[in-house]
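In the numbering used here, the protein residues as written are 85 to 312. Beta carbons: idealized from backbone N, C-alpha and C, even for Gly.
Structure follows, in structure tokens:
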């Protein structure tokens, strides 16, 4: 491939987008539709509570447009940090909405679900083995800290998305993910420069917020070549 084209419909799944912008993006024949569905901006409450900070009906509205469009175009749809925080309840919430849309529209596709939540025993074992270190300026955690924690998620990179793509997934729903990874995964899989791909993903992750005038509820389109 000489070029990768990526459509980022909205800053966060559920924030919405003008249908005219989405149609204009699809007319540019993207190779993938990708969207980040989460943020740490609302703080830790939603992660611990297992709730989404986005409205269910708004998320469904976005997905009702994106899923059929991706399937009709024969391109993958990739969603990272599902449900706002990417824990198991958040992923399950998003999958439930997708199943609802699937029934209503009689859709058929191959779905990949990638979890990012870890069991506490796994974390404590790796603490004892010295495999967990703090990110400055945070302090080292203890097993007691782990026991008192409601939910622990890890931030995945592009590798799980690439594996899902290699296995023929049409729709990929993932837990906590590095924001640019959903936008860069296909490009990296196809042999494009990793640095350039992630840089593109960093621009696309918040969609039209990077435009002038900016908007978190509008679309952005990315083009990536092997040298730019």
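Would you give the residue range spanned by the beta strand (DSSP E) that residue i belongs to?
i: residue 251; result: Neither: residue 251 is in no beta strand (DSSP E) and is coded neither H nor E.
i: residue 309; result: 304-309
i: residue 197; result: 195-198
Go to residue i, then tell me how far its alpha helix (DSSP H) extends in each direction, as first and last residue.
i: residue 92; result: Per DSSP, residue 92 belongs to no alpha helix (DSSP H); it is in the beta strand (DSSP E), 87-92.
i: residue 282; result: 278-288
i: residue 183; result: 172-189
i: residue 273; result: 265-273
i: residue 135; result: First-last for residue 135: undefined, no H or E at that position.
i: residue 109; result: 103-111
i: residue 228; result: 227-232
Provide the residue(s) that pair with residue i in DSSP beta bridges, ordered along the chain.
i: residue 150; result: According to DSSP, residue 150 bridges with nothing at all.
i: residue 119; result: 163
i: residue 237; result: 201
i: residue 292; result: Residue 292 is not bridged to any residue.
i: residue 222; result: Beta-bridge pairing links residue 222 to no other residue.
i: residue 261; result: 240
Can you tell me the Cβ-Cβ gap for residue i and residue j, rounded? I've got them flagged as a contact below 8 Å.
i: residue 308; j: residue 88; result: 4 Å
i: residue 106; j: residue 93; result: 6 Å
i: residue 298; j: residue 235; result: Contact flag wrong, Cβ pair sits at about 32 Å.
i: residue 120; j: residue 263; result: 5 Å
i: residue 300; j: residue 288; result: About 13 Å separates the two Cβ atoms, so there is no contact after all.
i: residue 181; j: residue 237; result: Not a contact, Cβ separation roughly 20 Å.
i: residue 227; j: residue 211; result: 6 Å
i: residue 147; j: residue 103; result: Rounded, the Cβ-Cβ distance is 14 Å, inconsistent with contact.
i: residue 266; j: residue 164; result: 4 Å
i: residue 304; j: residue 294; result: 7 Å
i: residue 359; j: residue 253; result: The displayed coordinates of the chain run from 85 to 312. Any statement about residue 359 would go beyond what the structure contains.
Query raised in the report: Is the number of C-beta pairs between the region 133-141 and the region 169-181 that are closer than 8 Å three or more?
Result: yes
**Report entry** Three or more C-beta pairs below 8 Å linking the region 195-207 and the region 250-261
**Finding:** yes
**Report entry** Given 8 Å, three or more beta-carbon pairs between the region 175-192 and the region 143-160
**Finding:** yes
Query - Any 3 or more C-beta pairs closer than 8 Å across the region 207-217 and the region 271-281 - result: no
Query raised in the report: Do the region 201-215 and the region 225-234 make contact, defined as three or more Cβ pairs closer than 8 Å?
Result: yes
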